[in-house]
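Reviewing the structure listed below.
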Amino acid sequence: MSEVISKVCIGGREVPFTIGSYKNNGGLSAATLTFTIPTLTAQLKKLWNKEVTFYCSKHDTVPLFRGWIKRTQI
């Protein structure tokens, strides 16, 4: 069985991430994506209101999640 390697892009550029979780409760609630990126990468970018896309596999062409960064925590 091959390993599935996910991909997170911020502003159209792939960023390395260590931990991530995707939650979609359904109904009228919005899906959420939570992930952790290295501090050096986060310091180099202004992240507020940037577009985020999450691909389940590096070879996917359509993202599983698309949204905007609304909260950051250092």
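All letters in the sequence shown, in the order written, are residues 4 to 77 by my numbering. Note that the Cβ used here is the ideal one computed from N, Cα and C, for glycine as well. None of the values given here were measured: they were computed from a predicted structure.
Judged by beta-carbon spacing, T21 lies within the 8 Å limit of T39, meaning their Cβ atoms are closer than that value.
T56 counts as buried, since no fewer than 16 other beta carbons sit within 10 angstroms of its beta carbon.
By the Cβ neighbour-count rule, V65 is exposed, with fewer than 16 other Cβ atoms within 10 Å of its own. Taken through DSSP and simplified to helix, strand or coil, L50 comes out as coil. Its chain contains Y25, A34, L36, V55, T56 and F57 as the residues whose beta carbon lies nearer than 8 Å to that of F68, once the 5 sequence neighbours on both sides are disregarded; these appear in chain order.
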